[in-house]
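Contents: one structure, followed by commentary.
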Amino acid sequence: MQWWAIAKKDLRIMLKDPGAIVVLFLLPLMLITVMSFALMPVFNGGGDDVITLPIVDDDQTDQSKTFVTLLEETEGIEVISLEQADEVIKQVSNGEYAYALVIPKDFGTNMRNGEKIELLSYEDPAQANMSSIIGKAIEGVARAYEIEYIVSRMVDQQIVKINDSMEEEIQKVGEAYERQMASLLSQLNTENKDIPASTTVEEEGSIPDLTEMKEELIGSAQASFDQPSITIDSSSASGKEEWTRPDAFQQNVPGYTVMYAFFIIMFAGRSFLNERNDGTFRRVLSAPIARWQLFIGKMLPNYFIGLAQVVVLFAFGHYVFDMSLGTSFLGLALVSLTLVWASSCLGMLIAALFKTDSQISGWSVLLALTLAALGGTMVPLFIMPDVMQQIALITPHAWALNGYQDLLVRGLGVEAVLGNALALFGFGASFLLVALWKMKDER
(Lines of atoms letter the chains of each structure in order from A and count residues from 1; the text may use other names and numbers.)
(Lines give C-alpha, C1' and ligand atoms only; values in the text may rest on other atoms or scores of the structure.)
Protein backbone atom coordinates (compact mmCIF):
# COMPACT_ATOMS: atom_id res chain seq x y z
CA MET A 1 0.00 0.00 0.00
CA GLN A 2 2.93 2.32 -0.56
CA TRP A 3 1.05 3.99 -3.39
CA TRP A 4 -1.72 4.98 -0.97
CA ALA A 5 0.79 6.52 1.42
CA ILE A 6 2.25 8.58 -1.41
CA ALA A 7 -1.23 9.64 -2.52
CA LYS A 8 -2.19 10.70 1.03
CA LYS A 9 1.00 12.72 1.34
CA ASP A 10 0.31 14.61 -1.90
CA LEU A 11 -3.31 15.16 -0.93
CA ARG A 12 -2.24 16.70 2.38
CA ILE A 13 0.17 19.00 0.52
CA MET A 14 -2.54 20.09 -1.88
CA LEU A 15 -5.08 20.68 0.88
CA LYS A 16 -2.65 22.91 2.73
CA ASP A 17 -3.44 25.51 0.05
CA PRO A 18 -7.27 25.39 -0.17
CA GLY A 19 -7.37 28.74 -1.97
CA ALA A 20 -5.76 27.19 -5.04
CA ILE A 21 -8.19 24.25 -4.95
CA VAL A 22 -11.17 26.60 -4.85
CA VAL A 23 -9.97 28.32 -8.02
CA LEU A 24 -10.02 25.01 -9.91
CA PHE A 25 -13.78 24.85 -9.37
CA LEU A 26 -14.60 28.55 -9.26
CA LEU A 27 -12.93 29.51 -12.56
CA PRO A 28 -14.98 27.22 -14.84
CA LEU A 29 -18.14 28.00 -12.87
CA MET A 30 -17.61 31.74 -13.33
CA LEU A 31 -16.85 31.43 -17.04
CA ILE A 32 -19.82 29.14 -17.64
CA THR A 33 -22.14 31.56 -15.86
CA VAL A 34 -20.85 34.75 -17.47
CA MET A 35 -20.58 33.40 -21.02
CA SER A 36 -23.98 31.69 -20.84
CA PHE A 37 -25.74 34.88 -19.79
CA ALA A 38 -23.77 36.93 -22.33
CA LEU A 39 -24.64 34.64 -25.25
CA MET A 40 -28.20 33.90 -24.16
CA PRO A 41 -29.79 36.15 -26.84
CA VAL A 42 -27.79 34.38 -29.58
CA PHE A 43 -28.82 30.85 -28.62
CA ASN A 44 -32.40 31.85 -27.87
CA GLY A 45 -32.72 33.39 -31.31
CA GLY A 46 -33.25 36.74 -29.69
CA GLY A 47 -35.81 35.40 -27.18
CA ASP A 48 -37.99 38.21 -25.95
CA ASP A 49 -35.28 40.75 -26.69
CA VAL A 50 -35.97 43.16 -29.51
CA ILE A 51 -33.85 45.65 -31.38
CA THR A 52 -34.75 49.23 -30.58
CA LEU A 53 -35.10 51.47 -33.63
CA PRO A 54 -35.56 55.21 -33.03
CA ILE A 55 -37.38 56.96 -35.90
CA VAL A 56 -37.87 60.64 -36.66
CA ASP A 57 -40.81 61.22 -39.04
CA ASP A 58 -40.33 64.69 -40.54
CA ASP A 59 -43.11 64.12 -43.08
CA GLN A 60 -46.13 63.16 -40.93
CA THR A 61 -48.27 62.16 -43.92
CA ASP A 62 -50.49 59.11 -44.33
CA GLN A 63 -47.77 57.47 -46.41
CA SER A 64 -45.00 57.99 -43.85
CA LYS A 65 -47.24 56.90 -40.96
CA THR A 66 -48.16 53.73 -42.84
CA PHE A 67 -44.47 53.00 -43.40
CA VAL A 68 -43.73 53.48 -39.68
CA THR A 69 -46.63 51.17 -38.82
CA LEU A 70 -45.16 48.45 -41.06
CA LEU A 71 -41.84 48.79 -39.23
CA GLU A 72 -43.64 48.53 -35.89
CA GLU A 73 -45.28 45.30 -37.06
CA THR A 74 -41.91 43.80 -38.01
CA GLU A 75 -40.98 41.03 -35.59
CA GLY A 76 -37.90 41.74 -33.49
CA ILE A 77 -37.99 45.54 -33.92
CA GLU A 78 -39.28 48.00 -31.34
CA VAL A 79 -39.89 51.42 -32.87
CA ILE A 80 -39.41 54.54 -30.76
CA SER A 81 -40.75 57.74 -32.31
CA LEU A 82 -38.70 60.85 -31.59
CA GLU A 83 -39.16 64.43 -32.75
CA GLN A 84 -35.65 65.85 -33.07
CA ALA A 85 -33.08 64.34 -35.45
CA ASP A 86 -30.21 65.96 -33.54
CA GLU A 87 -31.31 64.17 -30.38
CA VAL A 88 -31.37 60.74 -31.95
CA ILE A 89 -28.03 61.27 -33.73
CA LYS A 90 -26.42 62.10 -30.39
CA GLN A 91 -27.87 58.96 -28.81
CA VAL A 92 -26.51 56.80 -31.62
CA SER A 93 -23.07 58.44 -31.44
CA ASN A 94 -23.01 57.67 -27.69
CA GLY A 95 -23.67 54.00 -28.40
CA GLU A 96 -27.16 54.04 -26.84
CA TYR A 97 -28.67 52.86 -30.12
CA ALA A 98 -27.02 51.04 -33.01
CA TYR A 99 -29.16 52.59 -35.73
CA ALA A 100 -31.61 55.45 -36.25
CA LEU A 101 -33.88 56.32 -39.18
CA VAL A 102 -35.09 59.74 -40.36
CA ILE A 103 -38.02 59.97 -42.81
CA PRO A 104 -37.64 63.12 -44.97
CA LYS A 105 -40.39 65.72 -45.41
CA ASP A 106 -41.06 64.89 -49.06
CA PHE A 107 -41.76 61.19 -48.42
CA GLY A 108 -45.52 61.29 -49.06
CA THR A 109 -45.30 63.66 -52.04
CA ASN A 110 -42.65 61.57 -53.76
CA MET A 111 -44.59 58.36 -53.12
CA ARG A 112 -47.70 59.84 -54.79
CA ASN A 113 -45.66 61.14 -57.73
CA GLY A 114 -43.60 57.96 -58.11
CA GLU A 115 -40.34 59.81 -57.51
CA LYS A 116 -37.17 58.68 -55.73
CA ILE A 117 -37.14 58.76 -51.92
CA GLU A 118 -33.95 58.75 -49.84
CA LEU A 119 -34.35 57.75 -46.21
CA LEU A 120 -31.62 58.97 -43.85
CA SER A 121 -29.99 56.51 -41.47
CA TYR A 122 -27.37 57.07 -38.79
CA GLU A 123 -25.25 54.17 -37.56
CA ASP A 124 -22.88 53.46 -34.71
CA PRO A 125 -19.78 51.97 -36.39
CA ALA A 126 -18.90 50.12 -33.18
CA GLN A 127 -22.13 48.10 -33.58
CA ALA A 128 -21.74 47.41 -37.28
CA ASN A 129 -23.20 43.90 -37.15
CA MET A 130 -26.36 45.09 -35.44
CA SER A 131 -26.63 48.07 -37.81
CA SER A 132 -26.39 45.78 -40.82
CA ILE A 133 -29.23 43.60 -39.52
CA ILE A 134 -31.49 46.60 -38.91
CA GLY A 135 -30.63 48.10 -42.30
CA LYS A 136 -31.56 44.90 -44.15
CA ALA A 137 -34.84 44.69 -42.25
CA ILE A 138 -35.72 48.29 -43.18
CA GLU A 139 -34.83 47.66 -46.82
CA GLY A 140 -37.16 44.65 -46.87
CA VAL A 141 -40.03 46.60 -45.33
CA ALA A 142 -39.44 49.53 -47.71
CA ARG A 143 -39.45 47.23 -50.75
CA ALA A 144 -42.67 45.53 -49.67
CA TYR A 145 -44.34 48.87 -48.91
CA GLU A 146 -43.29 50.33 -52.24
CA ILE A 147 -44.69 47.39 -54.22
CA GLU A 148 -47.91 47.37 -52.20
CA TYR A 149 -48.35 51.10 -52.71
CA ILE A 150 -47.66 50.91 -56.46
CA VAL A 151 -50.03 47.98 -56.96
CA SER A 152 -52.74 49.66 -54.88
CA ARG A 153 -52.38 52.88 -56.84
CA MET A 154 -52.50 51.07 -60.19
CA VAL A 155 -55.56 49.07 -59.15
CA ASP A 156 -57.32 52.30 -58.19
CA GLN A 157 -56.41 53.78 -61.56
CA GLN A 158 -57.69 50.70 -63.40
CA ILE A 159 -60.94 50.77 -61.43
CA VAL A 160 -61.43 54.39 -62.45
CA LYS A 161 -60.74 53.44 -66.08
CA ILE A 162 -63.19 50.53 -65.89
CA ASN A 163 -65.87 52.74 -64.36
CA ASP A 164 -65.33 55.37 -67.04
CA SER A 165 -65.44 52.67 -69.74
CA MET A 166 -68.65 51.18 -68.35
CA GLU A 167 -70.34 54.57 -68.24
CA GLU A 168 -69.29 55.17 -71.83
CA GLU A 169 -70.63 51.78 -72.94
CA ILE A 170 -73.92 52.32 -71.11
CA GLN A 171 -74.26 55.69 -72.82
CA LYS A 172 -73.60 54.08 -76.21
CA VAL A 173 -76.20 51.38 -75.55
CA GLY A 174 -78.73 54.04 -74.56
CA GLU A 175 -78.08 56.03 -77.71
CA ALA A 176 -78.41 52.91 -79.86
CA TYR A 177 -81.67 52.02 -78.11
CA GLU A 178 -83.06 55.47 -78.76
CA ARG A 179 -82.16 55.17 -82.44
CA GLN A 180 -83.89 51.82 -82.68
CA MET A 181 -87.00 53.17 -80.94
CA ALA A 182 -87.09 56.11 -83.31
CA SER A 183 -86.84 53.69 -86.22
CA LEU A 184 -89.72 51.58 -84.86
CA LEU A 185 -91.93 54.59 -84.40
CA SER A 186 -91.16 55.65 -87.94
CA GLN A 187 -92.13 52.20 -89.22
CA LEU A 188 -95.41 52.25 -87.28
CA ASN A 189 -96.34 55.51 -88.94
CA THR A 190 -95.72 54.03 -92.38
CA GLU A 191 -98.82 52.19 -93.70
CA ASN A 192 -97.06 50.08 -96.35
CA LYS A 193 -94.39 48.64 -94.00
CA ASP A 194 -94.68 45.51 -91.88
CA ILE A 195 -93.55 45.68 -88.27
CA PRO A 196 -90.48 43.52 -87.87
CA ALA A 197 -90.85 40.49 -85.58
CA SER A 198 -87.95 41.55 -83.42
CA THR A 199 -85.32 44.19 -83.13
CA THR A 200 -81.78 43.90 -81.99
CA VAL A 201 -79.68 46.55 -80.38
CA GLU A 202 -76.25 46.37 -81.88
CA GLU A 203 -73.52 45.93 -79.29
CA GLU A 204 -70.84 48.50 -79.47
CA GLY A 205 -67.65 48.93 -77.51
CA SER A 206 -65.62 46.21 -75.84
CA ILE A 207 -64.95 44.69 -72.43
CA PRO A 208 -61.91 46.22 -70.67
CA ASP A 209 -58.75 44.21 -71.27
CA LEU A 210 -57.74 42.75 -67.84
CA THR A 211 -54.71 40.99 -69.31
CA GLU A 212 -53.14 44.34 -70.11
CA MET A 213 -53.73 45.48 -66.52
CA LYS A 214 -52.08 42.32 -65.11
CA GLU A 215 -49.04 42.75 -67.33
CA GLU A 216 -48.71 46.37 -66.25
CA LEU A 217 -48.87 45.40 -62.57
CA ILE A 218 -46.23 42.70 -62.99
CA GLY A 219 -43.97 45.07 -64.90
CA SER A 220 -44.23 47.75 -62.22
CA ALA A 221 -43.49 45.26 -59.44
CA GLN A 222 -40.44 43.95 -61.29
CA ALA A 223 -39.19 47.50 -61.88
CA SER A 224 -39.58 48.21 -58.17
CA PHE A 225 -37.40 45.21 -57.35
CA ASP A 226 -34.75 46.12 -59.90
CA GLN A 227 -34.69 49.87 -59.20
CA PRO A 228 -36.39 50.60 -55.86
CA SER A 229 -37.72 54.12 -55.39
CA ILE A 230 -37.07 54.04 -51.62
CA THR A 231 -33.36 53.92 -50.79
CA ILE A 232 -31.36 54.46 -47.59
CA ASP A 233 -28.54 56.96 -47.29
CA SER A 234 -26.35 55.69 -44.43
CA SER A 235 -23.92 57.85 -42.51
CA SER A 236 -21.98 57.66 -39.27
CA ALA A 237 -23.60 59.23 -36.23
CA SER A 238 -20.17 60.54 -35.22
CA GLY A 239 -20.40 63.11 -38.03
CA LYS A 240 -17.56 61.78 -40.21
CA GLU A 241 -18.25 62.61 -43.84
CA GLU A 242 -16.24 59.61 -45.06
CA TRP A 243 -16.47 56.43 -43.07
CA THR A 244 -16.23 52.71 -43.57
CA ARG A 245 -17.60 49.87 -41.53
CA PRO A 246 -15.10 48.50 -38.99
CA ASP A 247 -13.29 45.33 -39.94
CA ALA A 248 -12.57 42.29 -37.76
CA PHE A 249 -9.21 43.67 -36.65
CA GLN A 250 -10.66 46.94 -35.35
CA GLN A 251 -13.02 44.86 -33.25
CA ASN A 252 -10.63 42.12 -32.11
CA VAL A 253 -7.27 43.83 -31.63
CA PRO A 254 -8.53 46.26 -28.95
CA GLY A 255 -10.54 43.49 -27.28
CA TYR A 256 -7.67 41.05 -26.93
CA THR A 257 -5.26 43.86 -26.06
CA VAL A 258 -7.42 44.82 -23.09
CA MET A 259 -7.87 41.19 -22.11
CA TYR A 260 -4.18 40.27 -22.10
CA ALA A 261 -3.07 43.55 -20.54
CA PHE A 262 -4.48 42.19 -17.27
CA PHE A 263 -2.48 38.97 -17.39
CA ILE A 264 0.43 41.08 -16.11
CA ILE A 265 -1.11 40.72 -12.64
CA MET A 266 0.31 37.21 -12.40
CA PHE A 267 3.89 38.45 -12.87
CA ALA A 268 3.42 41.19 -10.28
CA GLY A 269 2.13 38.72 -7.71
CA ARG A 270 4.93 36.25 -8.28
CA SER A 271 7.54 39.00 -7.99
CA PHE A 272 6.30 39.83 -4.50
CA LEU A 273 6.05 36.14 -3.62
CA ASN A 274 9.66 35.41 -4.59
CA GLU A 275 10.94 38.29 -2.47
CA ARG A 276 8.80 37.15 0.45
CA ASN A 277 10.16 33.63 0.23
CA ASP A 278 13.84 34.62 0.17
CA GLY A 279 13.45 37.36 2.82
CA THR A 280 14.30 40.25 0.50
CA PHE A 281 10.92 41.88 0.99
CA ARG A 282 11.27 42.08 4.79
CA ARG A 283 14.72 43.63 4.48
CA VAL A 284 13.38 46.24 2.06
CA LEU A 285 10.53 47.04 4.46
CA SER A 286 13.01 47.64 7.27
CA ALA A 287 14.85 50.24 5.18
CA PRO A 288 13.98 53.95 5.59
CA ILE A 289 11.69 54.09 2.55
CA ALA A 290 8.04 55.06 2.26
CA ARG A 291 5.71 52.18 1.52
CA TRP A 292 4.16 53.96 -1.49
CA GLN A 293 7.62 54.39 -3.03
CA LEU A 294 8.18 50.66 -2.57
CA PHE A 295 4.95 49.90 -4.40
CA ILE A 296 5.69 52.33 -7.22
CA GLY A 297 9.17 50.84 -7.63
CA LYS A 298 7.75 47.32 -7.74
CA MET A 299 4.98 48.36 -10.12
CA LEU A 300 7.02 50.24 -12.73
CA PRO A 301 8.65 47.17 -14.35
CA ASN A 302 5.22 45.58 -14.81
CA TYR A 303 3.88 48.89 -16.10
CA PHE A 304 6.59 49.17 -18.76
CA ILE A 305 6.11 45.56 -19.84
CA GLY A 306 2.34 46.03 -20.08
CA LEU A 307 2.76 49.23 -22.07
CA ALA A 308 5.17 47.52 -24.45
CA GLN A 309 2.63 44.73 -24.92
CA VAL A 310 -0.08 47.21 -25.91
CA VAL A 311 2.25 48.98 -28.36
CA VAL A 312 3.31 45.70 -29.99
CA LEU A 313 -0.26 44.44 -30.40
CA PHE A 314 -1.52 47.67 -31.97
CA ALA A 315 1.57 47.95 -34.18
CA PHE A 316 1.01 44.36 -35.30
CA GLY A 317 -2.60 45.09 -36.21
CA HIS A 318 -1.66 48.31 -38.02
CA TYR A 319 1.38 47.23 -40.02
CA VAL A 320 0.50 43.60 -40.70
CA PHE A 321 -3.27 43.85 -41.22
CA ASP A 322 -3.55 47.55 -42.14
CA MET A 323 -5.81 48.27 -39.17
CA SER A 324 -6.74 51.93 -38.79
CA LEU A 325 -5.51 53.61 -35.61
CA GLY A 326 -8.10 56.37 -35.75
CA THR A 327 -7.41 60.08 -35.95
CA SER A 328 -6.25 60.83 -32.39
CA PHE A 329 -2.86 59.48 -31.37
CA LEU A 330 -3.13 61.44 -28.11
CA GLY A 331 -6.42 59.75 -27.26
CA LEU A 332 -4.97 56.34 -28.07
CA ALA A 333 -1.97 57.02 -25.83
CA LEU A 334 -4.18 58.27 -22.99
CA VAL A 335 -6.40 55.18 -22.95
CA SER A 336 -3.37 52.86 -23.22
CA LEU A 337 -1.48 54.56 -20.38
CA THR A 338 -4.44 54.43 -18.01
CA LEU A 339 -5.30 50.86 -19.05
CA VAL A 340 -1.84 49.60 -18.12
CA TRP A 341 -1.98 51.70 -14.91
CA ALA A 342 -5.18 49.88 -13.88
CA SER A 343 -3.79 46.43 -14.69
CA SER A 344 -0.49 47.09 -12.89
CA CYS A 345 -2.29 48.32 -9.76
CA LEU A 346 -4.50 45.23 -9.83
CA GLY A 347 -1.29 43.19 -9.87
CA MET A 348 -0.19 44.97 -6.69
CA LEU A 349 -3.52 44.07 -5.09
CA ILE A 350 -3.10 40.41 -6.05
CA ALA A 351 0.38 40.46 -4.50
CA ALA A 352 -1.02 41.90 -1.26
CA LEU A 353 -3.93 39.47 -0.95
CA PHE A 354 -2.40 36.08 -1.73
CA LYS A 355 0.63 34.36 -0.23
CA THR A 356 1.32 31.21 -2.29
CA ASP A 357 2.24 30.57 -5.90
CA SER A 358 -0.84 28.43 -6.49
CA GLN A 359 -3.15 31.09 -5.10
CA ILE A 360 -1.55 33.86 -7.14
CA SER A 361 -1.64 31.82 -10.36
CA GLY A 362 -5.20 30.61 -9.88
CA TRP A 363 -6.76 33.87 -8.76
CA SER A 364 -4.88 35.87 -11.38
CA VAL A 365 -6.31 33.71 -14.16
CA LEU A 366 -9.75 33.76 -12.53
CA LEU A 367 -9.84 37.55 -12.33
CA ALA A 368 -8.32 38.08 -15.77
CA LEU A 369 -10.76 35.79 -17.58
CA THR A 370 -13.88 36.66 -15.59
CA LEU A 371 -13.36 40.41 -15.89
CA ALA A 372 -12.56 39.98 -19.60
CA ALA A 373 -15.82 38.10 -20.17
CA LEU A 374 -17.83 40.63 -18.19
CA GLY A 375 -16.13 43.60 -19.83
CA GLY A 376 -16.99 42.64 -23.41
CA THR A 377 -13.58 41.53 -24.69
CA MET A 378 -14.80 37.98 -25.41
CA VAL A 379 -18.36 38.80 -26.47
CA PRO A 380 -19.32 42.24 -27.86
CA LEU A 381 -21.29 44.24 -25.34
CA PHE A 382 -24.12 45.05 -27.76
CA ILE A 383 -24.90 41.33 -28.05
CA MET A 384 -25.30 40.97 -24.29
CA PRO A 385 -28.60 41.58 -22.48
CA ASP A 386 -29.09 45.07 -21.03
CA VAL A 387 -28.42 43.84 -17.49
CA MET A 388 -25.07 42.40 -18.53
CA GLN A 389 -24.17 45.66 -20.27
CA GLN A 390 -24.77 47.54 -17.03
CA ILE A 391 -22.76 45.02 -15.00
CA ALA A 392 -19.87 45.42 -17.45
CA LEU A 393 -19.36 48.99 -16.26
CA ILE A 394 -17.95 47.72 -12.95
CA THR A 395 -14.94 46.37 -14.84
CA PRO A 396 -12.00 48.41 -16.16
CA HIS A 397 -12.13 46.27 -19.30
CA ALA A 398 -15.42 47.80 -20.48
CA TRP A 399 -14.17 51.36 -20.03
CA ALA A 400 -10.93 50.65 -21.87
CA LEU A 401 -12.68 48.81 -24.71
CA ASN A 402 -15.29 51.54 -25.17
CA GLY A 403 -12.49 54.11 -25.26
CA TYR A 404 -10.63 52.22 -27.97
CA GLN A 405 -13.84 51.82 -29.99
CA ASP A 406 -14.56 55.54 -29.75
CA LEU A 407 -11.12 56.24 -31.21
CA LEU A 408 -10.62 53.43 -33.73
CA VAL A 409 -14.15 52.65 -34.88
CA ARG A 410 -16.20 55.78 -34.29
CA GLY A 411 -13.31 58.09 -35.26
CA LEU A 412 -13.74 60.40 -32.27
CA GLY A 413 -11.03 62.56 -30.67
CA VAL A 414 -9.28 62.69 -27.32
CA GLU A 415 -12.11 64.67 -25.70
CA ALA A 416 -14.43 61.68 -26.18
CA VAL A 417 -12.24 59.35 -24.08
CA LEU A 418 -11.40 61.64 -21.17
CA GLY A 419 -14.13 60.00 -19.09
CA ASN A 420 -12.84 56.53 -19.95
CA ALA A 421 -9.29 57.47 -18.98
CA LEU A 422 -10.51 58.99 -15.71
CA ALA A 423 -12.46 55.83 -14.89
CA LEU A 424 -9.41 53.64 -15.59
CA PHE A 425 -7.24 55.86 -13.41
CA GLY A 426 -9.86 55.58 -10.66
CA PHE A 427 -9.86 51.78 -10.88
CA GLY A 428 -6.07 51.73 -10.59
CA ALA A 429 -6.00 54.15 -7.66
CA SER A 430 -8.61 52.07 -5.81
CA PHE A 431 -6.64 48.85 -6.36
CA LEU A 432 -3.43 50.52 -5.16
CA LEU A 433 -5.00 52.02 -2.03
CA VAL A 434 -6.47 48.67 -0.99
CA ALA A 435 -3.09 47.00 -1.59
CA LEU A 436 -1.32 49.61 0.56
CA TRP A 437 -3.87 49.13 3.34
CA LYS A 438 -3.55 45.33 3.15
CA MET A 439 0.25 45.47 3.36
CA LYS A 440 0.50 48.04 6.17
CA ASP A 441 0.91 45.43 8.92
CA GLU A 442 3.44 43.30 7.06
CA ARG A 443 6.92 43.45 8.48
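All letters in the sequence shown, in the order written, are residues 1 to 443 by UniProt numbering. The beta carbon of each residue, even a glycine, is placed where N, CA and C say it ideally should be. From a predicted model like this one, the values you see are computed outputs, not experimental measurements.
Output yes or no for whether 8 Å exceeds the beta carbon distance between Leu424 and Ala392. By one-based count along the sequence shown, residue 424 stands at place 424. By one-based count along the sequence shown, residue 392 stands at place 392. No, the Cβ-Cβ distance between Leu424 and Ala392 is not below 8 Å.
Rounded to whole angstroms, what's the CA-CA distance from Asp233 to Asp124? Just pull it up for me. Numbered from its first residue, the sequence shown carries residue 233 at position 233. Numbered from its first residue, the sequence shown carries residue 124 at position 124. Cα to Cα, Asp233 sits roughly 14 Å from Asp124.
To the nearest whole angstrom, what separates the beta carbons of Val258 and Thr338, a pair I think is in contact under 8 Å? For the purposes of this step, residue 258 is taken as residue 258 along the sequence shown, with counting starting at 1. For the purposes of this step, residue 338 is taken as residue 338 along the sequence shown, with counting starting at 1. No, Val258 and Thr338 are not in contact; Cβ-Cβ is about 12 Å, not under 8 Å.
Indicate the three-state DSSP secondary structure (helix, strand or coil) for Leu325 in the structure shown. If you number the sequence shown from 1, residue 325 lands on position 325. Leu325 falls in the coil class under three-state DSSP.
Report buried or exposed for Gln250, applying the criterion of at least 16 other Cβ atoms within 10 angstroms of its Cβ. The sequence position of residue 250 within the sequence shown is 250, counting from 1. By the neighbour-count rule (16 or more Cβ atoms within 10 Å), Gln250 is buried.
Closest by C-alpha distance to Ser271, when choosing among Gly347, Asn110 and Ile289: Locating residue 271 in the sequence shown gives position 271, where the first residue counts as 1. Ranked by how close their Cα comes to the Cα of Ser271, the residues Gly347, Asn110 and Ile289 have Gly347 in first place.
Among Gly108, Gln63 and Asp57, whose alpha-carbon lies nearest the alpha-carbon of Val79? For this step, residue 79 is matched to residue 79 along the sequence shown. Of the candidates Gly108, Gln63 and Asp57, the one whose C-alpha sits nearest the C-alpha of Val79 is Asp57.
The alpha helix (DSSP H) spanning Ala423 covers which residue range? The sequence position of residue 423 within the sequence shown is 423, counting from 1. Counting along the chain, the alpha helix (DSSP H) containing Ala423 begins and ends at Leu418 to Lys438.
On the DSSP bridge list, what partners appear for Asp233? Taking the sequence shown and counting its residues from 1, the one referred to as residue 233 is at position 233. Looking at the DSSP assignment, Asp233 forms a beta bridge with Leu120.
Between which residues of its own chain and Gly269 is the CB-CB distance below 7 Å, once the five residues before and five after are set aside? Numbered from 1 along the sequence shown, position 269 holds the residue referred to as residue 269. Excluding residues within five positions, the ones whose Cβ falls inside 7 Å are Gly347, Ile350, Ala351, Phe354, Ile360 and Ser364.
With a cut-off of 8 Å on the beta carbons, I'd call Tyr122 and Ile89 a contact; round off their distance for me. The count along the sequence shown starts at 1 and reaches residue 122 at position 122. The count along the sequence shown starts at 1 and reaches residue 89 at position 89. With 8 Å as the limit, Tyr122 and Ile89 qualify as a contact, their Cβ atoms being about 5 Å apart.
Pull up the distance between the alpha-carbon of Ala398 and that of Val409, whole angstroms please. As a working mapping, residue 398 is identified with position 398 in the sequence shown. As a working mapping, residue 409 is identified with position 409 in the sequence shown. When rounded, the distance between both Cα atoms is 15 Å.
Give me whichever residues DSSP pairs with residue 445 in a beta bridge. Lying before the first or after the last residue shown, residue 445 is absent from the chain, which here runs from 1 to 443.
What is the DSSP secondary structure of Glu115, reduced to helix, strand or coil? As a working mapping, residue 115 is identified with position 115 in the sequence shown. Reduced to three states, the DSSP call for Glu115 is coil.
Drop a sphere of 10 angstroms on the beta-carbon of Thr395, count the other beta-carbons inside from all chains shown, and report buried for 16 or more, exposed for fewer. Taking the first residue of the sequence shown as 1, we reach residue 395 at position 395. Answer is buried; the Cβ neighbour count reaches 16.
Under a Cβ-count criterion, where at least 16 other Cβ atoms within 10 Å of its own Cβ denotes burial, should Asp59 be classed as buried or exposed? What you label residue 59 is simply residue 59 of the sequence shown in a count that begins at 1. Asp59 is buried by the Cβ-count criterion.
Just to confirm the assignment, what range does the alpha helix (DSSP H) spanning Leu369 have? Within the sequence shown, numbered from 1, the residue matching residue 369 stands at position 369. Looking at the DSSP string, the run of the alpha helix (DSSP H) that includes Leu369 is Asp357 to Gly375.
Looking at Ala126: is its Cβ nearer than 8 Å to the Cβ of Val102? Working through the sequence shown from its first residue, we reach residue 126 at position 126. Working through the sequence shown from its first residue, we reach residue 102 at position 102. No, they are not a contact pair.
How many angstroms separate the CA atom of Ser336 from the CA atom of His318? Indexing the sequence shown from 1 puts residue 336 at position 336. Indexing the sequence shown from 1 puts residue 318 at position 318. Taking the straight line joining both Cα atoms gives about 16 Å.
Beta-carbon separation (whole angstroms), Ile230 vs Leu119, contact threshold 8 Å: On the sequence shown, position 230 is the one that residue 230 refers to. On the sequence shown, position 119 is the one that residue 119 refers to. About 7 Å; that satisfies the 8 Å criterion.
Simplified DSSP state of residue 462, which is helix, strand or coil: Since the first and last residues shown for the chain are 1 and 443, residue 462 lies out of range.
Which residue comes first and which comes last in the alpha helix (DSSP H) that contains Leu71? Here residue 71 is taken as the residue at index 71 of the sequence shown, counted from 1. Leu71 -> alpha helix (DSSP H) spans Asp62 to Glu72.
Integer Cβ distance of Leu313 from Leu407, believed to fall under 8 Å: As a first step, residue 313 must be located in the sequence shown, where it is residue number 313. As a first step, residue 407 must be located in the sequence shown, where it is residue number 407. With 8 Å as the limit, Leu313 and Leu407 do not qualify as a contact, their Cβ atoms being about 15 Å apart.
State the DSSP-derived secondary structure class of Ile51, mapped to helix, strand or coil. Reading the sequence shown from its first residue, position 51 is the one you call residue 51. Strand, per DSSP.
The alpha helix (DSSP H) with Ala248 in it runs from where to where? Numbered from 1 along the sequence shown, position 248 holds the residue referred to as residue 248. Run containing Ala248: Ala248 to Ala261, per the alpha helix (DSSP H) assignment.
Using DSSP's beta-bridge definition, name the partner residues of Asp57. Counting from 1 along the sequence shown, the entry for residue 57 is found at position 57. Note: Asp57 sits in a beta bridge opposite Ile103.
Quick one: residues in its chain with C-beta nearer than 7 Å to the C-beta of Lys438, no 5 flanking neighbours on either side, listed in chain order? By one-based count along the sequence shown, residue 438 stands at place 438. Non-local C-beta neighbours of Lys438 in its own chain, meaning closer than 7 Å and more than five positions away in sequence, comprise Ala352 and Leu353, ordered along the chain.
Using three-state DSSP, classify Lys90 as helix, strand or coil. As a position in the sequence shown, residue 90 is number 90, starting the count at 1. Of the three classes helix, strand and coil, the one that applies to Lys90 here is helix, per DSSP.
Span of the alpha helix (DSSP H) around Met266: What you label residue 266 is simply residue 266 of the sequence shown in a count that begins at 1. For Met266, the uninterrupted alpha helix (DSSP H) run begins and ends at Ile264 to Asn277, by DSSP.
For Leu408, the first and last residue of its enclosing alpha helix (DSSP H): Along the sequence shown, read from residue 1 onward, the residue named residue 408 stands at position 408. First-last of the alpha helix (DSSP H) with Leu408: Pro396 to Leu408.
Taking the C-alpha atoms as reference points, what is the distance between Glu202 and Glu72? Mapped onto the sequence shown, residue 202 falls at position 202. Mapped onto the sequence shown, residue 72 falls at position 72. Low confidence applies to Glu202: its pLDDT is 49, below 50, so where it sits in the model is not reliable, and the reading given next is rough at best. Each residue's alpha carbon lies about 56 Å from the other.
Segment limits, alpha helix (DSSP H) that includes residue 519: Nothing about residue 519 can be read from this structure; the chain reaches only from 1 to 443.
Please state the DSSP three-state secondary structure of Gly135. If you number the sequence shown from 1, residue 135 lands on position 135. In this structure, Gly135 counts as helix in the three-state DSSP scheme.
Identify whether Lys16 lies in helix, strand or coil by the three-state DSSP scheme. For this step, residue 16 is matched to residue 16 along the sequence shown. If DSSP states are grouped into helix, strand and coil, Lys16 belongs with coil.
Euclidean distance between Cα positions of Gly413 and Ala421: Residue numbering aside, residue 413 sits at position 413 when the sequence shown is read from its first letter. Residue numbering aside, residue 421 sits at position 421 when the sequence shown is read from its first letter. Computed Cα separation, rounded: 13 Å.
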